[in-house]
Each structure stands twice: as structure tokens, then as C-alpha cells.
Amino acid sequence: MAKGAGGFGDPPAEVLAEAAAAFGLLASPSRLHIVWALAQGESDVTGLAARVGGALPAVSQHLTKLKLAGLVRSRREGRRQVYFVDDPDVVTVVRLMVDQLTARADRSSAPRSRAFGA
């Protein structure tokens, strides 16, 4: 691994490709919303569709892609398939990004005080 200016080693190309694929999946607002919802607790596809406002077949397709990428897992409960995020690091990354952007939006929409009083 080559060292960059910040002292971090460069990851192998395979790791970068896998990370890019995961970020690519999360680049979809619908899939990101699904992962966000599942980070709050497990759910079946019907509950997720209601929460994220998507059509059942579309949410099901998103879940399939997230499962194939290893970002989401599922288990059977009777006739239902229950989905969950099994990787706390994925939850951490998603929460960090959403919280950071929310804080930035809050700061930019807050009224600004005048420097010299008015």
C-alpha cells in the first residue's frame, strides 16, 4: 500500500471497486431511504414501502440489490421476509452522512446575525 499525503495507505483496487459499488447503490435516494429506515429497525417489504413511499415491486427490487451487495440481510418469519442491516459500519456511514448534511442544511437556513448590529 502506497502512503498518501495524509499518511493513509492506498487500499487495493478490489477494495476501492467494492466500496464504489456500495456507494453507487446508496446513491439512489430510494435505496438510501430504505437503508436509513432499516437502520432504525427491521421491517418487511410492506412496511418499508409504506415508510419510504415506494411501490411494493420497486422496494422489493431495491432490497434485492441491497441484499446482493451485502448491505442488507433478511430472515423468514412465517410467510413474511424481514429485512435488516446487519453491518453496524454501514449504519454508521449512512448516519454520519445524513446527519452531516442535515446539520449543514440547518446552518445554511438559520437566520444570520449582522456583524455590526442593526
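Quick note: the sequence shown uses the numbering used here, first residue -5, plus one each step. The beta-carbon is built from N, C-alpha and C at its ideal position, and this holds for glycine as well. What you are looking at is a predicted structure, and each value in this text was computed from that prediction instead of being measured.
Helix or strand or just coil, what does DSSP make of residue i?
| i | result |
| --- | --- |
| L79 | Residue identity differs from the one stated: residue 79 is Val in this sequence, not Leu. In the structure shown, V79 sits in coil (DSSP, three-state: anything other than H, G, I, E or B). |
| V103 | The question names Val, yet the displayed sequence has Ser at residue 103. It is helical. |
| E12 | helix |
| G18 | helix |
For residue i, count neighbouring C-beta atoms within 10 Å of its own C-beta (all shown protein chains included) and say buried if the count is 16 or more, exposed if not.
| i | result |
| --- | --- |
| G47 | exposed |
| L70 | It should be pointed out that residue 70 corresponds to Arg in this sequence rather than to Leu. Label assigned to R70: exposed. |
| V9 | exposed |
| R25 | buried |
| A112 | Note on A112: pLDDT 46, under 50, position unreliable in the model; no value is reported. |
| S102 | exposed |
| A7 | exposed |
| L32 | buried |
| L62 | exposed |
| H43 | Correcting the residue type first, residue 43 is Ala in the shown sequence and not His. Flag for A43 reads buried. |
Taking the continuous alpha helix (DSSP H) assigned at residue i, which residues delimit it?
| i | result |
| --- | --- |
| R67 | Run containing R67: none in the alpha helix (DSSP H); it sits in the beta strand (DSSP E), 67 to 71. |
| P5 | First-last for P5: undefined, no H or E at that position. |
| G41 | 39 to 46 |
| A33 | 23 to 34 |
Return the Cβ separation of residue i and residue j in integer angstroms, given the expectation that the two are a contact with Cβ distance under 8 Å.
| i | j | result |
| --- | --- | --- |
| A16 | L65 | 6 Å |
| S37 | Y77 | 6 Å |
Determine the direct distance from the alpha carbon of residue j to that of residue i, and round the result to whole angstroms.
| i | j | result |
| --- | --- | --- |
| V79 | A104 | 34 Å |
| G41 | M91 | 24 Å |
| L50 | R74 | 14 Å |
| V87 | Q94 | 11 Å |
| L60 | Q34 | 16 Å |
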